[in-house]
Structure formats: C-alpha cells, structure tokens
Amino acid sequence: MHKTIKDITQMKRKEKITVLTGYDSTMVTLCEQVDIILVGDSAGMVMLGYENTSSVTMEDMIRFTTAAKNARKNSLIVSDLPINSYKNEKDAVTNSLRLMEAGADAIKLEGGREIADIIKSITESKIPVMGHLGLLPQTAEKYTVQGKTKENAIQLIEDAKIITESGVFSIVLEMVSSQVAKIITEKISVPTIGIGSGKNCDGQVLVVHDMLGLFEKIKPKFAKRYLSLSEEIRNAVKSYVEEVKNEKFPAIENEFQMDEDEYNKLRKEIV
Ligand code: KIV
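Sequential numbering of the sequence shown, starting at 120, is according to the numbering used here.
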C-alpha cells in the first residue's frame, strides 16, 4: 500500500518528509524510498527542453503522471497543475480531476491569497491540494529569495495561513529565507516542504535531475548534488562509441550463435 495524505500530515513535527520529482517510470522505480513523488512541471525544463515551465500543458502533465503511476508502489504521487490550467474554479476542478484520473493522489498549484477560492473549490471536490508559496516558477520574472523584508515576510506568513484555511494538506516553500520558513512551519498546522528554504521545514524537495547531477543548465546553490551522473553518462557514451568504432563491442558474450550444423548446411546451400 502506498503512502496516504494522512500518513504525510501525521509526519509533521515527528519525522522529516522526503520528496523528489519523478516524471518517468524508470526514475520513479529508483526513487521509491521517498515519501512523495512530485510530478512537477519542472518536467518542462528537464524532460522537454523548454526554457521554463510556462509552456507545459495538461497533456504533458497527464503523460508524466501516468508514467509515475505505472511505477509507483510506495510513495504518494502529487502532480502539478500547469500554468493556465487553473484560471478559474471550473477549470481548476476539471483539470485536477484529469490529473487524479491519470494516477495522482493530490495536485499542487502555485499562489497565495489570490487563489484561495480556487484551492477551496478543488478541496471541496474532495481532491487533496498541496500549495506552493515563495518563489513561484510559473510566473516569476527573476529567481530571487522571498521573505527578505518584514513586509514580504508578513505577506508570506498570512498567505500560508489563508491557503491552509482553504484546505491544503501541505505547502511547498520555495526559496524562502530560512527564518521566515521556520516561522511559517511553526505557525501552520500542515507540513511545509522546503526547497531552498532551510532545514526547519517539515520536509524537503529537490528536482531529481539536480540532485543526481543530470541537469547542467541551471545549478541553484540549494540543489545539493549527490552524484555527477551527467559526467558518468558522458564517459559511458564515450566508451561505447570507441568500442563500436574499434569493433570491441559487441563481444562474443553479447552475440547469439546459430547451431554449428545448421550453419554448415546453410553455407553449403548458399555458396
Ligand atoms: O515543478 C517542480 O519540480 C516544483 C518543485 C521545484 C517544488 O514545483
């Protein structure tokens, strides 16, 4: 049985919640130790080669969610509603349902008080919602740290309270100053999941391609690299190319052989 929303909310103040993004079955199979697989719209950048997340469509997110669902055994699956898919309450509910039908256990969307009613309409349709505050990649013009001034901090803290009242079961805090992330985490009843927001959040999320050292275009300082997979892949491809060119691959152990007698009969017939 996979993790449930209740399992996640009960972890607040008891055990840190681990989240990684996942958009394809192979990676989700490998990452299933985490509590939550986030089918993030960062897929647009790391899987589809877009400059940012603003070109991601519902069809993209449905396809990635299906792939994650096909592999998942243990983790909860949360899928991002892409930009423009939750402009009003009707679209938000319809598109959330489409992600749930594709295999999501919950959806995530970006914003504070300005989308409180939209969040409410989704949660009232019995679809669990994860919020996302701080840096909002779908609309941000620049990637800057949030919660650095008193005014901005108060706004973020109030937003967190407002969307909690709208029914979110947890909130991603992206690039929020550590002090403000700590205050929000202490003040709200649902778990906070930090990315670039310090150690005091209830959980942490990273884009799996960053954490494995696979994505080279952007290297944010908060995205700790646990591996240098891109280097390993390039070395493997170099060896493969060399071995094929030099006829070292395939070797005898990689071949399939015809039975000797059959081969001799064939040779006689075709000579
Ligand atoms: O799309 C995504 O991967 C995200 C994480 C960065 C939280 O929203």
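Glycine residues also receive a C-beta, built at the ideal position from the N, C-alpha and C atoms.
Cβ-based burial, residue i [other Cβ within 10 Å; buried from 16]
i	result
PRO256	buried
LEU149	exposed
SER154	Correcting the residue identity first, residue 154 is Asp in this sequence and not Ser. So ASP154 ends up on the buried side.
LEU252	buried
ASP321	buried
PHE375	exposed
MET120	exposed
SER285	buried
LEU385	exposed
Cβ-heavy atom distance, residue i to the ligand KIV, below 8 angstroms
i	result
HIS251	yes
THR172	yes
SER161	yes
THR140	yes
ILE407	A question about residue 407 goes unanswered here, because the residues of the chain that appear run from 120 up to 390.
VAL326	yes
VAL291	yes
ILE124	no
ILE314	yes
ASP321	no
PRO256	yes
LEU157	yes
Endpoints, alpha helix (DSSP H) assigned at residue i
i	result
ASP179	177 to 190
GLY163	162 to 165
SER215	208 to 221
VAL360	348 to 364
ASP199	No alpha helix (DSSP H) contains ASP199, which is instead part of the beta strand (DSSP E) from 195 to 199.
LEU149	144 to 149
The beta strand (DSSP E) enclosing residue i, as first and last residue numbers
i	result
GLY253	248 to 253
ASP380	Per DSSP, ASP380 belongs to no beta strand (DSSP E); it is in the alpha helix (DSSP H), 379 to 389.
THR137	136 to 140
ILE155	155 to 158
ILE124	First-last for ILE124: 124 to 128, but that is the alpha helix (DSSP H), not the beta strand (DSSP E).
VAL324	322 to 325
ILE226	225 to 227
Close Cβ partners of residue i (< 8 angstroms) along its chain, the five nearest in sequence each way excluded
i	result
GLN323	LYS135, ILE136, THR137, VAL138, ILE312, GLY313 and ILE314
ARG132	ASP321
Proximal residues to residue i (C-beta, below 7 angstroms), its chain only, five neighbours per side dropped
i	result
MET177	PRO201, SER204, ASN214 and ARG217
Minimum length 3: unbroken beta strand (DSSP E) runs contained in the region 236 to 316: 248 to 253, 289 to 293 and 311 to 314
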